[in-house]
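Going by the working numbering, the residue at position 15 of the sequence shown is 49; the numbering climbs one at a time, nothing skipped. Backbone N, C-alpha and C fix where the C-beta goes; we use that ideal spot for every residue, glycine too.
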Amino acid sequence: MQREGGFELLEDMTDSLSDSQKNIRDNALHFKKKLQSLSGERLEALAQFVLTRCFLVVVSTPDLDSAYRIFSVLNDRGLGRV
Numbered sequence: 035m036q037r038e039g040g041f042e043l044l045e046d047m048t049d050s051l052s053d054s055q056k057n058i059r060d061n062a063l064h065f066k067k068k069l070q071s072l073s074g075e076r077l078e079a080l081a082q083f084v085l086t087r088c089f090l091v092v093v094s095t096p097d098l099d100s101a102y103r104i105f106s107v108l109n110d111r112g113l114g115r116v
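Following this line, the structure appears as structure tokens:
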């Protein structure tokens, strides 16, 4: 998806994906459909929101148990209001 034409490749993928990969693909395609239905003004407002109010958090863990524990804590507590 991060390369030119990548989204089209994603749309064509079907059989070789695991269940979780299919879910990611389906969610991306659903998101694309929703974005296409927005007006230019709403798209601009969404972009502004993402740029000014959203954060990308990168977490690295030594093993899956730690990753699950961190995911659970972040998911349960959330970031709260900034």
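Rounded distance between the beta-carbons of residue j and residue i, thought under 8 Å
i     : j     : result
Glu45 : Leu63 : 6 Å
Euclidean distance between Cα positions of residue i and residue j
i     : j      : result
Asp97 : Ser54  : 20 Å
Arg37 : Lys68  : 21 Å
Val91 : Ser50  : 30 Å
Leu77 : Leu85  : 12 Å
Leu80 : Arg103 : 31 Å
Lys66 : Ser106 : 28 Å
Top-ranked residue by Cα proximity to residue i, from the options
i     : options                : result
Ile58 : Ser73, Gln82 and Phe41 : Phe41
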